[in-house]
Amino acid sequence: MIPLGSVNIVLPLLVGIPLLAAIATTVVDSRRWRAGISVTFASLQLLLIVLWLVTLQHTGADAAYRYVLGGWNSPLGINLVADGLAKVLLLITAVLVLVLSIYSAIYFTDPAKTTRFWPLWWLLVTGLNAAFIGADAFNIYVALEMIGLAAVALVGLAGTRTALTAALRYALVGLLGSLCYLLGVSLLYRTYGTLDLAQLATETQADPMTAASLCLISIGLLLKTALLPLHFWLPPAHASAPAPVSAALSALVVKVSFYLLMRFWLDVLTPATTELAMNLLGILGAGAIFWGCIAAFRAQRLKLVVAYSTVAQLGYMFLLFPLVAASHSPSSITGAAAAAVVYFIVAHALAKAAMFLAAGNIQMFNNHDTVDKLQGLARTQPLAVLTFAIAGVSLIGLPPSGGFIAKWLLLNVAIGNGVWWWAIVVLGGGLLAAAYIGRVLHVAFSHPVAQTIDTDNANAARHPPGGMVLCALALAACSILLGFNAEWILNLLDASVEPPIPGVGGMQ
Amino acid sequence: MSQEMLYCAAGIALFGIGMFGVIVATHIIRKLIAVNIMGIAVFMVLLATARHGAVTDPIPHAMVLTGIVVAVAGTALCLWLALQIRLLGRGTKGEPPR
C-alpha cells in the first residue's frame, strides 16, 4: 500500500460526490435547484480530478493509487485503485459529465422529467467512477449493475413505445450479461479463493477452470459492449433515448465494459488467453467496423446513423487484442497497442457525444430526424451541421483531429509488428465512415424542397437554445483540439509505462 | 466434498437451462423467470463454494445477498417497463406486447 497522502482521499470522493448529488437532486424540489446542484457537483468533480492529476504529475507519485476503505485490506475489505488507464477514463468521464449536465439542464424543461432524470443520471456517474477504480471483481459487478439499471431507466425516460421496448430489451441483455459475468467471477473465487484483481493476476494459471471463467466473463462483457453478433440491442436503445442520455451511453457506458475486458484479458487472466481467441476478437471487431458502417449508411433516422456508427467505432477498439497478440509484449496493458486504443476511446467519446448532441438539436428543431427530409438544414441550422461535420472529421480520422492521431497510433502498431492486414481494416473503416457522414452532409447542404416544412410538425418544432448548441460545438472543438496536443493524454498513461511508446515519438 | 460438487454442477446445469429459456422464450414474463433462474443458479454455485469442510466462508454469502438485491431491482424495473409498454399499446393498434 502506498503511504496515505492528503490526495489519497480522492478515490472514495469520486464515488461519494456523484452519490451525494444523486441524493441531493432527489431531495430538492425545484427544477432550477436540481439543475444548479448538478452543474455544481459536476464542476466540483472535474476540478477535483484535474487538481489531483496535476498534483500527481508534480510530486511524481507512484503509478497506481490504492485506497483501502475503512482500513480493511484486500482479501476481506474493499480497495479502490487508479492506474494510468483509469486516470484517463476518469478525466474524460468528468469532462463529459460536466458538459452533458449543462446540456441536460437546458434540455429537460418538464419538471416531472427532471425529478426522474437527475437522480438516475448521478447514479449512472457513480457506477461509471466505481467501475473504473474498482479493485475487486465483485465490486465491479455491483458497479456494472448500477450502470445497467440507471441506463435502462434513462433510456425509458423518453416515454414512447419505441423507447420503452428498446429499454426493456436493453435491460434483459444487461441482466443476462451481468449474470454471465457473475458466474465467471464465482468460478474464479472457487478456484483461487480471492476476488482482488491484483491477487488474481499473480496467481492465475492456464487451467480449464480459469479458461471457463474467462470465457463467461468475456461473454457477459461482450454483450454489454455490443461487439458484432451481440450488438442487436444497441442501435434501438441509443437511438431512442433522450439526446444527452444517448451521448453518455455511446461515449461512456459501452466503454466501461470494454475497459473491464482490457483488464481481464491483458492484466488479470492473461495466462488463460490464447492467440487464437485474441485474433477472433479482432476479426469480430473488423466485422463490426464494416457492418456498422453499412448499416449507418442505410439507416433512415439521423440518431440511428450515429448509433450504428458507435457499433462500427467499437470494432476498432477490439483490434487491440490481435495487435497485442502480434506484439508479444510482456506489459500489454501499458504497451503501445493499449495506448493507441485508450487514445481512440477518448477521441471517440468526445466526437460521438458531440454528434449525438448535434443530432438532438436537429431533432428538436425539425421535430423529426429522418435523414432524407433534412434538406436545407445547413442554412437553417448552420451550427448544428458544423458540429456534426467536425465530429465527423474526427470519426473518419482526418487530420487534424483526435481520431486521426488515434488511427495513426493504431496503424503504427499494426505496421510495426508486421500485421499489415489490420492496417487495411483501419483505413477501409475510415473510408466507409466518410460515406455515411458524407451522405448526411450531402442532404443537409442540398436545396430545400418546397414542402420541407411540415405543417403538423411546425408547431412542435422550436429552435434549440443557444446553450445546447454551444455544448455540442464545444465537445466537437475538443475532439479536434485533442489532435493538436496528443502528448498529455499519452503522458497520463506514461506514468505506468516503463519503455517509451515506440512510434509516438516520431509523431510529435 | 462430493455433495458440494453436486450442488455446483447442478447450479451450472440450471444456469444453462435459464439461458436457454431467455433466448428461446418469446413472452416477457417467461424471459424474466428464466433470468431469475439464471440468478438462482449463480447463487447455488456461490453457496456451494462457501462450504470448506467444517468452516463456512462468509464472503460468498455476502455476494449472494447483494446479488438477490440486484436481481429484485432488475426484475422490478423490467416488470415496470413491460407494464408501461402494455398500457401504451392498449390505446393504439400496435403489435401485441411481448
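Protein sequence lines, in the order shown, are assigned to chains S and W.
Everything in the first sequence is counted per my numbering, starting at 34 for the first residue and increasing by one.
Everything in the second sequence is counted per my numbering, starting at 10 for the first residue and increasing by one.
Glycine is no exception: its CB is placed at the ideal position from the N, C-alpha and C atoms.
Cβ shell of S:His496 (< 7 Å), same chain only, five flanking positions each side left out:
One-based indexing of the first sequence puts residue 496 of chain S at position 463. The residues are Phe398.
Would you grab the beta carbon distance between W:Lys51 and W:Ala43 for me? Rounded to a whole angstrom, and I think it's under 8 Å.
Position 42 of the second sequence holds residue 51 of chain W. Position 34 of the second sequence holds residue 43 of chain W. One point to set straight first is that residue 51 of chain W is Val, not Lys, in the sequence displayed. About 13 Å; that fails the 8 Å criterion.
Return the chain-ordered ranges of every alpha helix (DSSP H) run that is complete within the segment 186 to 254 of chain S and spans a minimum of 4 residues.
194 to 225 and 230 to 236
Between W:Phe29 and chain S, is the shortest Cβ-Cβ distance under 8 Å, so that the two count as touching?
Indexing the second sequence from 1 puts residue 29 of chain W at position 20. So, not an interface residue.
Between W:Met47 and chain S, is there a C-beta pair that is closer than 8 Å?
For the purposes of this step, residue 47 of chain W is identified with residue 38 of the second sequence, where counting begins at 1. Closer than 8 Å to some Cβ of chain S, the Cβ of W:Met47 qualifies, so yes.
Sort out for me which residues DSSP pairs S:Gly167 with in a bridge.
Numbered from its first residue, the first sequence carries residue 167 of chain S at position 134. According to DSSP, S:Gly167 bridges with S:Leu113.
Selection from S:Ala239, S:Gln232 and S:Arg334 that minimises the alpha carbon distance to S:His271:
For this step, residue 271 of chain S is matched to residue 238 along the first sequence. Closest option to S:His271, Cα to Cα, is S:Arg334.
Mind checking whether S:Ala305 and S:Thr243 have CB atoms under 8 Å apart?
Numbered from its first residue, the first sequence carries residue 305 of chain S at position 272. Numbered from its first residue, the first sequence carries residue 243 of chain S at position 210. A contact, by the Cβ cut-off of 8 Å.
Just mark S:Gly167 as buried or exposed, buried being the case when its beta carbon has 16 or more other beta carbons within 10 Å.
The sequence position of residue 167 of chain S within the first sequence is 134, counting from 1. Buried: at least 16 other Cβ atoms inside 10 Å.
At least one CB of chain W closer than 8 Å to the CB of S:Ser512: is that the case?
Taking the first sequence and counting its residues from 1, one reaches residue 512 of chain S at position 479. Not closer than 8 Å to any Cβ of chain W, the Cβ of S:Ser512 fails to qualify, so no.
Taking 8 Å as the CB-CB cut-off, is W:Val33 touching chain S?
Within the second sequence, the letter at position 24 stands for residue 33 of chain W. Chain S, which has no Cβ nearer than 8 Å to the Cβ of W:Val33, makes this no.
For S:Ala276 and S:Phe389, believed in contact at Cβ under 8 Å, the rounded distance
By one-based count along the first sequence, residue 389 of chain S stands at place 356. By one-based count along the first sequence, residue 276 of chain S stands at place 243. Rounded, the Cβ-Cβ distance is 6 Å, consistent with contact.
On the criterion of 16 or more Cβ atoms from any shown chain inside 10 Å, does S:Asn524 qualify as buried, or is it exposed?
Position 491 of the first sequence, counted from the start, is the residue given in the question as residue 524 of chain S. Per the 10 Å Cβ criterion, exposed.
Through-space distance from W:Ile94 to S:Val278, alpha-carbon basis
On the first sequence, position 245 is the one that residue 278 of chain S refers to. On the second sequence, position 85 is the one that residue 94 of chain W refers to. Each residue's Cα considered, the two are about 20 Å apart.
How close, in whole Å, do the beta carbons of W:Met53 and W:Gly20 come, if the pair is a contact with beta carbons under 8 Å?
Counting from 1 along the second sequence, the entry for residue 53 of chain W is found at position 44. Counting from 1 along the second sequence, the entry for residue 20 of chain W is found at position 11. Contact flag correct, Cβ pair sits at about 3 Å.
Roughly how many angstroms lie between the CA atoms of S:Leu383 and S:Leu508, to the nearest whole one?
Taking the first residue of the first sequence as position 1, residue 383 of chain S is located at position 350. Taking the first residue of the first sequence as position 1, residue 508 of chain S is located at position 475. One C-alpha to the other measures close to 6 Å.
Counted within 10 angstroms of its Cβ, other Cβ atoms place S:Asp62 as buried (16 or more) or exposed:
Numbered from its first residue, the first sequence carries residue 62 of chain S at position 29. S:Asp62 should be labelled exposed.
Which whole-angstrom value describes the C-beta separation of S:Ala380 and S:Ser342, a residue pair presumed to lie in contact below a C-beta threshold of 8 Å?
Within the first sequence, numbered from 1, the residue matching residue 380 of chain S stands at position 347. Within the first sequence, numbered from 1, the residue matching residue 342 of chain S stands at position 309. The pair is not a contact, with the Cβ atoms about 13 Å apart (cut-off 8 Å).
By alpha-carbon positions, which one of S:Gln408, S:Leu352 and S:Cys511 ends up nearest to S:Ile457?
Numbered from its first residue, the first sequence carries residue 457 of chain S at position 424. Comparing Cα positions, the closest option is S:Leu352.
From the DSSP output, in three-state form, read off S:Val87 for me.
Here the question's residue 87 of chain S lines up with position 54 in the first sequence. Three-state result, S:Val87: helix.
State the DSSP-derived secondary structure class of S:Arg495, mapped to helix, strand or coil.
By 1-based counting over the first sequence, the position of residue 495 of chain S is 462. If DSSP states are grouped into helix, strand and coil, S:Arg495 belongs with coil.
By a C-beta neighbour count over all protein chains shown, 10 Å radius and 16 as the cutoff for buried, is S:Arg331 buried or exposed?
The residue you call residue 331 of chain S lines up with position 298 of the first sequence. By the 10 Å Cβ count, S:Arg331 comes out exposed.
Write down the C-beta distance between S:Ala184 and W:Leu86 rounded to the nearest angstrom, noting that I regard them as a contact closer than 8 Å.
Within the first sequence, numbered from 1, the residue matching residue 184 of chain S stands at position 151. Within the second sequence, numbered from 1, the residue matching residue 86 of chain W stands at position 77. Actually they are not in contact, since the Cβ atoms of S:Ala184 and W:Leu86 sit about 11 Å apart, beyond 8 Å.
Please report whether the beta-carbon of W:Met72 lies at a distance below 8 Å from any beta-carbon of chain S.
Taking the second sequence and counting its residues from 1, one reaches residue 72 of chain W at position 63. True, the Cβ-Cβ gap to chain S drops below 8 Å.
Are the beta-carbon atoms of S:Leu267 and S:Ala259 separated by less than 8 Å?
What you label residue 267 of chain S is simply residue 234 of the first sequence in a count that begins at 1. What you label residue 259 of chain S is simply residue 226 of the first sequence in a count that begins at 1. Yes, the Cβ-Cβ distance between S:Leu267 and S:Ala259 is below 8 Å.
DSSP beta-bridge partners for S:Thr306?
Locating residue 306 of chain S in the first sequence gives position 273, where the first residue counts as 1. Note: S:Thr306 sits in no beta bridge, so no partner.
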